[in-house]
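Sequential numbering from 270 applies to the sequence shown in our numbering. A virtual CB, placed ideally from N, CA and C, is assigned to each residue, including glycine. Report on one structure; see the data block that follows.
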Amino acid sequence: MPKLQENAGETRRPDTSAPRGAAVSRPLYRSSWFALGVLAARFLPRGVVRGIGAGSALAFAFFRRAHAAVVARNLRLILDRPVRAADSRNVYGNFGKAIGDYFYLGSRSVACARGLIEERIGYEGLAFAHRQGKGALLLTGHLGLFELGGALLSSFGFSTVILTFPEPDPNLSLWRSAYRRRWGVETLEVGEDAFSFLAVRKKLSQGKFVAALVDRPSPTSRVSVRLPHGRLPVSTGILYLAMLEAVPVFVVTVTEKPNRRYRVWCSPPLFFSDQGSREEALAAASRQVFDLLVPEIAAHWSQWYQFVPLEGGGIPG
270 MPKLQENAGE TRRPDTSAPR GAAVSRPLYR SSWFALGVLA ARFLPRGVVR
320 GIGAGSALAF AFFRRAHAAV VARNLRLILD RPVRAADSRN VYGNFGKAIG
370 DYFYLGSRSV ACARGLIEER IGYEGLAFAH RQGKGALLLT GHLGLFELGG
420 ALLSSFGFST VILTFPEPDP NLSLWRSAYR RRWGVETLEV GEDAFSFLAV
470 RKKLSQGKFV AALVDRPSPT SRVSVRLPHG RLPVSTGILY LAMLEAVPVF
520 VVTVTEKPNR RYRVWCSPPL FFSDQGSREE ALAAASRQVF DLLVPEIAAH
570 WSQWYQFVPL EGGGIPG
């Protein structure tokens, strides 16, 4: 049975393959800390919350040089120029601002969240898929404040499910599920088993939009996709589901603009067939997805929050 891929709803939780410095952040992934962050943000202006977030993230990068070095190595896979230490600092600073917005919106209405979205591109394809009632697969990366996309989808009446692996703290999984529910977004916790495969397939068959992250190495990878200066092993299980249910696949990104508001971009629909060799079909589908996602990452590289090593092998796809 194909495996599902990397967590679609995580808040950049540490990965076991990350350097030792990443483990330092694991105690912060507790529901109590997240609840405290939202509580504090309730009484502060957005700019102050973002400033605190940026300062905290930059301090972490300063004291954990090995952690910041991983970010630099990941950027080299994308950028067509030498990567400087300042580039990593830009990533951490923007990450802190994104977390600040996440906490800020946690104590405010869904209308406030939607109000931060200034630009949307590609809505027509999503609306058409919704009218067909067959569901759709939305694939994104650790880019910008991707959680904000759920607030926009619910405003259009699109029933959306975010896939997530269990958080280090079970209470945090519940907390984050409740956070999304305020925006009318459902959370489905999955594992690497056949039951998860069937649960996600059921959501698609019900006509729901299923969102997942795809830009992390997978321990059950079947192919590796090309990046501008390297390769990334990825799982193909979620794409196999799209083939089985004959649903369209969209690449979606949510990135911050210079004016501190957000842009939501959605690709035209992709349709994949399982005719011929399954392995070849899935490798081709993966390439098409990343051919759309990588330019978005390259254009907004300072908002690519990849804190785990991406180097690795895999079957070339």
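Going by DSSP, what residues sit across from residue i in a beta bridge?
i	result
Ala480	Leu407 and Ile431
Val492	Val503
Ile566	According to DSSP, which records beta bridges pairwise, Ile566 is partnered with nothing at all.
Glu458	Thr433
Given a cut-off of 8 Å on the beta-carbon distance, is the pair residue i and residue j in contact?
i	j	result
Val503	Ser490	yes
Ser424	Arg383	yes
Leu414	Val523	yes
Ser542	Val520	no
Val494	Ser428	no
Ile390	Trp534	yes
Phe576	Val340	yes
Leu473	Leu422	no
By the 10 Å Cβ neighbour count, where 16 or more other Cβ atoms means buried, how is residue i classified, buried or exposed?
i	result
Lys477	buried
Tyr392	exposed
Lys471	exposed
Ala354	exposed
Ala292	Confidence at Ala292 is low in this model, with a pLDDT of 48, below 50, so its placement is unreliable and the value that follows should be read with caution. So Ala292 ends up on the exposed side.
Ser442	buried
His498	exposed
Arg449	buried
Phe372	buried
Ser487	buried
Gln572	buried
Gly418	buried
Glu525	buried
Ala328	exposed
Gly306	buried
Gly545	exposed
Ala481	buried
Just tell me which of the options has its CA closest to the CA of residue i.
i	options	result
Asn343	Phe332, Phe329, Ala328 and Val360	Val360
Leu496	Leu348, Val340, Ala335 and Val577	Leu348
Phe464	Gly453, Gly506, Pro578 and Tyr298	Gly506
Met512	Glu387, Lys403 and Phe312	Lys403
Ser376	Arg400, Arg311 and Ala480	Arg311
Leu432	Val479, Phe466, His411 and Gln401	Val479
Glu436	Gly460, Leu346, Gly419 and Ile566	Gly460
Arg315	Ser300, Ala367, Tyr298 and Arg350	Ala367
Asn528	Glu387, His411 and Gly545	Glu387
Leu561	Arg547, Val454, Thr409 and Asp438	Thr409
If you drop the 5 nearest sequence neighbours on each side, which residues of the same chain put their C-beta closer than 6 Å to that of residue i?
i	result
Ser446	Thr456
Ala337	Ala330 and Ser357
Leu385	Arg530 and Tyr531
Ala398	Ala405 and Pro517
Gly369	Val318, Arg319 and Gly322
Leu508	Leu551 and Ala554
Within a Cβ cutoff of 7 Å, which residues of the same chain sit near residue i, ignoring the five residues on either side of it in sequence?
i	result
Phe364	Ala326 and Tyr574
Phe303	Leu441 and Trp444
Ala420	Val379, Ala382, Arg383 and Trp452
Gly290	For Gly290, the predicted model reports a pLDDT of 39, less than 50, meaning its position is unreliable; a value from the coordinates is still stated below. Around Gly290: Arg333, Ala335 and His336.
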